[in-house]
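Sequence lines, in order, name chains A, B, C and D. At the far end of the first sequence sits residue 305, using my numbering, and the numbering has no gaps. At the far end of the second sequence sits residue 305, using my numbering, and the numbering has no gaps. At the far end of the third sequence sits residue 305, using my numbering, and the numbering has no gaps. At the far end of the fourth sequence sits residue 305, using my numbering, and the numbering has no gaps. Just so you know, even glycine gets a beta-carbon here, dropped at the ideal spot from N, CA and C. Reading through the structure tokens given below for one structure.
4 protein chains.
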Amino acid sequence: MTADDLKELDAQLADRSVTRRPTVPALEERLFRPIPCLDHGFVRVVDYMGDDSAVVQAARVSYGKGTKTATDDRGLIRYLMRHRHTTPLEMCELKLHVKLPIFVARQWIRHRTANVNEYSARYSIMDREFYLPRPEDLARQSTNNKQGRGDVLDAETAEDVLRLLRRDHEQAYDTYEKLIDDGLARELARMNLSVGFYTQWYWKVDLHNLLHFLALRIDPHAQYEIRVYGEAIAEAVKAWVPHCWEAFEDYRLRSFNLSGPMLGVVRRMLAGEDVSVANSGLSKREWTELMEAVQPSSSEAGR
Amino acid sequence: MTADDLKELDAQLADRSVTRRPTVPALEERLFRPIPCLDHGFVRVVDYMGDDSAVVQAARVSYGKGTKTATDDRGLIRYLMRHRHTTPLEMCELKLHVKLPIFVARQWIRHRTANVNEYSARYSIMDREFYLPRPEDLARQSTNNKQGRGDVLDAETAEDVLRLLRRDHEQAYDTYEKLIDDGLARELARMNLSVGFYTQWYWKVDLHNLLHFLALRIDPHAQYEIRVYGEAIAEAVKAWVPHCWEAFEDYRLRSFNLSGPMLGVVRRMLAGEDVSVANSGLSKREWTELMEAVQPSSSEAGR
Amino acid sequence: MTADDLKELDAQLADRSVTRRPTVPALEERLFRPIPCLDHGFVRVVDYMGDDSAVVQAARVSYGKGTKTATDDRGLIRYLMRHRHTTPLEMCELKLHVKLPIFVARQWIRHRTANVNEYSARYSIMDREFYLPRPEDLARQSTNNKQGRGDVLDAETAEDVLRLLRRDHEQAYDTYEKLIDDGLARELARMNLSVGFYTQWYWKVDLHNLLHFLALRIDPHAQYEIRVYGEAIAEAVKAWVPHCWEAFEDYRLRSFNLSGPMLGVVRRMLAGEDVSVANSGLSKREWTELMEAVQPSSSEAGR
Amino acid sequence: MTADDLKELDAQLADRSVTRRPTVPALEERLFRPIPCLDHGFVRVVDYMGDDSAVVQAARVSYGKGTKTATDDRGLIRYLMRHRHTTPLEMCELKLHVKLPIFVARQWIRHRTANVNEYSARYSIMDREFYLPRPEDLARQSTNNKQGRGDVLDAETAEDVLRLLRRDHEQAYDTYEKLIDDGLARELARMNLSVGFYTQWYWKVDLHNLLHFLALRIDPHAQYEIRVYGEAIAEAVKAWVPHCWEAFEDYRLRSFNLSGPMLGVVRRMLAGEDVSVANSGLSKREWTELMEAVQPSSSEAGR
């Protein structure tokens, strides 16, 4: 961060006022502070609306006099999450300032129900900041998953890869700088920069859509580079709405969806039948997914 | 339907042209024909875009050269549905003309990702058409579910209820008619009509959002009156995109979502442990939901 | 409001905490206080995110180093509004608690980009509260506008109308109460209630979509009953984001959109030509709209 | 296009079937045929739903018996467009297959109300195809518009710029190819490719949102490279829904929005007053915008 940025940050941290709005001290502490992501990126929470109680409040207007009874807040939130009654979650809102490589931004923006203001390379000059993976994050193309990574590269190959990436990115930026200096329009010169360069944006989203984003983006199948951001945001969400987060973990993150055919297999197994892939009626792939989820040895949820 | 309506319908059914667009003969046959719903309502498909192949085509552009290999269309659609890769489903679109009671319309409109044009009671005069349940659909408030029905009313009470409903609706319409005749603005006079009166609209939605609508609205927990419409639409969808529908049934409708804690219980049971509600760590409600889903005797999926 | 409601309101008003978030004292003062609308309704602001500066902050991230220069906040907001650069407005969010007649709710819900939790008549029992217009709001059907009101009814007719409306609403509620007492499911009994009965909801929306809502709903062509709510909200918005509101008034509310053909007419007139409806090339309707907007005598903006 | 692509295209063009759906011969002719855009890109219409009559049909359900009278289709569409009654336009849908540079895709995707399936560089290998502007499209940064182009570069500089762009893009792709060959995961290797490389997607949108997209993207302020796509799509829309397009041109594209203050100035001028920037109450910038729009010499609409 530049000196100017730090000055602005200090000002934000120092500024306090009195409000009647629901306030979450655990999130106030984190407000504005950048959480580093990858080599030059960050996520920072810059504003929020609502808390666990706001979810409950909205649910109770729906249920009206029907639920003025016992259920406590935590229980009600768990009920909502279990039954996918998600509209009360939309009553909370989070605003983030994010600095991220363009290829991560391209995955992120696919979540359409959010508000975005991105740095414009038509108006402004891009910085010489691009993402270079750590050697331990340089992995081979997965052999069994067309969309994923397998083994980590050996040290020598990794070094070679990084040398090439650095060379091309530096050269691309040198050219960009020269084109700008020669007077070429910014909107044209930026064409030379790779999707590894950093951009930044303000991103605002409601809690329901944020949890959906996190479910997809902290999943092991998500690309590592966006997962880093997902996990940083998850920490903030945990501090902000702890009951919602707990319920989300139990009913979404650690849950396993049994398809109709899988459910049939589980029933047969519980009835003592000896079910194998051959007589299960499942495809081999589904059988494997099921076994990984339900076998006693499995240490983790099935996602 | 009035004579005018029938004439228009005949014209629509007779009109044929040649197209290069994907065409589904099984849906063409049903096009424009009203499927009766409740006592005066209907659903009719008035246009569609895409078919099972359009879903596959869109998925393949994502996977590009990565999947030019074996997987057949049905298999790919099942894969998409199982892993909730839902964007290719958005490439199909259905347009319906629906006549429905206002209270059903009020539930329906909560699905925001759709296009709607509704009959306007500000511009136009409402018809004397209101919904009266059949005696066998008149049920008591459920005792264990605040949002549902229990036993059917006995014949005498049912008759009494229907008499009152009919009396009030007829009177409300008489008054409405008188107010209109006296010159009161339509937008004011309609205030006297109950949410049992029929309205109508054109409703257009993509297949992903339509399936989400159906998952909620043909669920046994949905109010009977909207379920009737859901089931009528489901028949049309089945004719339109049979592979998508089959996958939707297997992976959504008949599926059961095991929460993290439930998954733990299933693992213990499969390992031969004798698990009871007491040592399960589940709430009583969750235990019951789980048992209903996985016990050998259960004849149906747990949704 | 019931004693319980008042107690809750007092608690909300008394509760204060310290926050680092942008805070707007002028809106804090209004927080939670119901603004009465129609005979039994209200709007109250229950939460907000952002302020004028948040709009500027989001715009500046887009323009980046390109605008670190002069333009002050007010000027930048006016520029954004004039050129319909609306995404920075999405960075502010308002949450309202609204009590409103069902027919107003049915118009309101057509604005899809918002979050809603409504009182459920499936779960809960509706109150005996329905809207009765004041005599001076009882108007005749407009003769030149199919969707509007004309002259106010004479006192006697008005009294007659109100008598009928009250009679039918009271009877409808009596029946509703009886059906509930007889054990009929709430989701069925509510069918007897008219669209004049009050419902309530929490409604959360971003500033861009809120201004769009207000542009349509405080327009003289909007139905009076929703306009009342629009105007109450407008007052809150004015207190919350005064620069945005001022720009919205100048560039949206008081603006007039000259179509291509109208623009041609204005040019000819300014060049001294004597243009009449006959040689204008405009339809009679467009000519009238244009004259009403630009003639010196017109005292008001053209919307 | 590859031989495979051409074969597929031929198959699509040859395939014809009979349908009862609204069909537009002028668009059928264009179906599937790529319209070239930039050096390697294209747009092609792959499906559509609805036509001018579908807009009218949806509008008429709103107006119901209120408009069974005279107004012809063209007049009704013009009325809808003039008064921004845009929901009936949502009843038409267009599906495009587009090949475009990544930086154009990044602007395009900001239009959120659309369905997208994009080629995935995680699954698949990118082609050696990148955008190089024609020399006459290489312009200097505008001096009076931070987000735009000014004069075209002289021939020598242009040549120099193109040499650098080509060199860096070729080298970036060579590196990409090497990294893939060395086994690096695709999702990592693609990081080296610039935003000038081509991607492709299926993009589906309703007519209302499409016209909004076009209003922004064929505007002279839009970046040239996306305008090329906008104009190609505009031609297809004109063939598809000619009445909607004509109304869109008159009431949106060629229209000029007079702000409240501008409207006051026009009134004073029409009343014969001699208004100058000094006594107009407008900022210098707004005055210029107004004069450019309304002065007799102005040959074009003011957008």
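Would you say G68 of chain B lies against chain D (beta-carbon separation less than 8 Å)? Any answer about G68 of chain B is weak, because its pLDDT of 46 lies below 50 and its placement is not dependable; what the coordinates show is given next. Taking Cβ atoms only, chain D reaches closer than 8 Å to G68 of chain B, which makes this a yes.
Given L255 of chain C as reference, the closest of D:N259, D:L255, D:Y253 and D:R254 once Cα atoms are compared: D:N259
What does DSSP give as the partner residues of W110 of chain C in its beta bridges? DSSP output for W110 of chain C lists no bridge partner at all.
Answer yes if the stretch 100-116 of chain A comes into contact with the stretch 36-50 of chain A, meaning at least three C-beta pairs across the two stretches below 8 Å, and no otherwise. At 8 Å Cβ cutoff, the stretches touch.
Label S261 of chain D either buried or exposed according to how many other C-beta atoms from any shown protein chain fall within 10 Å of its C-beta, with 16 as the threshold for buried. buried
Within the same chain, show all residues whose beta-carbon is closer than 6 Å to that of A249 of chain B, passing over the 5 residues directly before and after it, in chain order. I79, R80 and M83
Taking only beta carbons into account, state which residues of the stretch 232-248 of chain B come closer than 7 Å to chain A, listed in chain order. none
Pick out the complete alpha helix (DSSP H) segments inside the stretch 126-214 of chain D, 4 residues or longer, and give them in chain order. 157-183 and 188-191
Near-chain D residues of the stretch 262-292 of chain A (beta-carbon distance less than 8 Å), N- to C-terminal order: So the list is empty, because no residue satisfies the distance condition.
Buried or exposed, going by whether 16 or more other CB atoms sit within 10 Å of the CB of T21 of chain C? Looking at its Cβ environment, which holds 16 or more other Cβ atoms inside 10 Å, T21 of chain C is buried.
Check whether the Cβ atoms of L272 of chain D and L284 of chain D lie closer than 8 Å to each other. no
Hey, how far is the Cα of Q202 of chain B from the Cα of I127 of chain D? Answer to the nearest angstrom: the Cα atoms are 49 Å apart.
Can you tell me where the beta strand (DSSP E) holding I37 of chain C begins and where it ends? I37 to C39
Of all Cβ atoms in chain D, is any one closer than 8 Å to the Cβ of T71 of chain B? Note that T71 of chain B has pLDDT 47, beneath the 50 cutoff, so the model's placement of it is unreliable and the number below is only indicative. It does not: the Cβ of T71 of chain B has no partner Cβ on chain D nearer than 8 Å.
Could you pull the start and end residues of the alpha helix (DSSP H) that L96 of chain A belongs to? Unbroken run through L96 of chain A is the beta strand (DSSP E), E95 to P103; no alpha helix (DSSP H).
When the cut-off is 8 Å and only beta carbons count, does N259 of chain B lie next to chain A? yes
Going by DSSP, what residue range makes up the beta strand (DSSP E) through E120 of chain C? Start and end: N117 to E120.
Hey, N194 of chain B and A174 of chain B: beta-carbon distance below 8 Å or not? The answer is yes: Cβ separation under 8 Å.
Expressed to the nearest angstrom, what Euclidean distance is found between the alpha-carbon atoms of G185 of chain B and E95 of chain B? 42 Å
So within the stretch 5-83 of chain B, which uninterrupted beta strand (DSSP E) runs reach at least 3 residues, ignoring any that extend past its ends? 19-21, 37-39 and 43-51
As a quick exercise: from C:R108, C:N117, C:D129 and C:T115, pick the residue whose alpha carbon is nearest that of R124 of chain B. Minimum Cα-Cα distance from R124 of chain B among the listed residues C:R108, C:N117, C:D129 and C:T115 corresponds to C:R108.
If you draw a straight line from the alpha carbon of K286 of chain C to that of W247 of chain D, how long is it in whole angstroms? 22 Å
Beta strand (DSSP E) runs wholly inside the stretch 223-300 of chain B, at least 3 long, in chain order: 258-260
Residues of chain A with a CB under 8 Å from the CB of E161 of chain C: which are they? Here the premise fails: no neighbours, minimum Cβ distance about 34 Å.
Applying a beta-carbon distance threshold of less than 9 Å, which residues of chain B neighbour V197 of chain C? I104, A123, R192, M193, N194, L195, S196, V197 and F199, listed in chain order.
Out of A:Y231, A:R130, A:H113 and A:R188, state which residue places its alpha-carbon closest to the alpha-carbon of Y226 of chain D. A:R188
Partner residues on chain A for G2 of chain D, Cβ-Cβ distance less than 7 Å: Because chain D in this structure spans residues 3 to 305, residue 2 of chain D falls outside the shown range and cannot be described.
Alpha carbon of N281 of chain C to alpha carbon of V296 of chain D, nearest angstrom: 18 Å
Does DSSP classify T88 of chain D as helix, strand or coil? coil
For V154 of chain C and L134 of chain B, I'd like the C-alpha separation in whole angstroms. About 36 Å.
If we cut at 8 Å on Cβ distances, does P90 of chain D have a partner in chain B? Yes - at least one Cβ of chain B is within 8 Å of the one on P90 of chain D.
Our contact map puts S196 of chain D next to S122 of chain A with C-beta atoms below 8 Å; I'd like the distance itself, whole angstroms only. The C-beta separation of S196 of chain D from S122 of chain A comes to about 17 Å, leaving the pair out of contact by the 8 Å criterion.
Nearest CA to the CA of G232 of chain A: which residue from A:L98, A:A13, A:E30 and A:D53? A:L98
Just the chain C side, please: which residues come within less than 9 Å of D251 of chain D by C-beta, in chain order? Per the sequence shown, the amino acid found at residue 251 of chain D is Glu instead of Asp. For E251 of chain D, the chain C residues whose C-beta falls within less than 9 Å of its own C-beta are G262, listed in chain order.
Cutoff 8 Å: A13 of chain D Cβ touching any chain B Cβ: no
Closer than 9 Å between beta carbons: that is the criterion. Which residues of the stretch 169-183 of chain D meet it against chain B? Within the stretch 169-183 of chain D, no residue has a Cβ lying closer than 9 Å to any Cβ of chain B.
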